[in-house]
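Novice: Counted from 1, the sequence shown has number 520 at position 66 by this note's numbering; the numbering is strictly sequential.
C-beta atoms are modelled at their ideal positions from N, C-alpha and C, and glycine is treated no differently.
Note that this is a predicted model, so its numbers are computed, not measured.
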Amino acid sequence: MTVKQTTSYTDEAYSYAQALVEAGEFSSVSAAASAALIALKRARDAEQRLLESEVLRRAKLPPDQWVEWSPGALAASINAR
Numbered sequence: 455m456t457v458k459q460t461t462s463y464t465d466e467a468y469s470y471a472q473a474l475v476e477a478g479e480f481s482s483v484s485a486a487a488s489a490a491l492i493a494l495k496r497a498r499d500a501e502q503r504l505l506e507s508e509v510l511r512r513a514k515l516p517p518d519q520w521v522e523w524s525p526g527a528l529a530a531s532i533n534a535r
């Protein structure tokens with residue numbers, strides 16, 4: 455499905471998209487913008503899956519390997535590094 459939408463770009467973004475079109479990498483600025491948005495979505499989805507898997511991995515650790523936490527403790531431990 456395709457949705458028609460009027461969009462504004464910064465000069466830098468438009469120039470880059472237009473250069474990609476002129477180089478033959480995309481058929482239009484719209485196609486370049488769509489590809490960039492899909493790539494961003496995929497990257498964020500992958501990042502989310504990694505975060506979720508890390509949380510699940512840590513949740514399975516034995517209690518003696520858990521990091522003690524209290525309000526402010528996490529920030530203090532990070533600042534101490």
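Could you tell me the alpha carbon to alpha carbon distance between Ala-467 and Leu-474, rounded to whole angstroms?
Specialist: So the two alpha carbons sit approximately 11 Å from each other.
Novice: Along the chain, where does the alpha helix (DSSP H) containing Leu-515 start, and where does it finish?
Specialist: Unbroken run through Leu-515: none, as it is neither H nor E.
Novice: Give a yes or no on whether the C-beta atoms belonging to Ala-487 and Thr-456 are separated by under 8 Å.
Specialist: Their beta carbons are not under 8 Å apart, which means Ala-487 does not touch Thr-456 by this criterion.
Novice: Within 10 angstroms of its Cβ, does Ala-534 collect 16 or more other Cβ (buried), or is it exposed?
Specialist: It counts as exposed.
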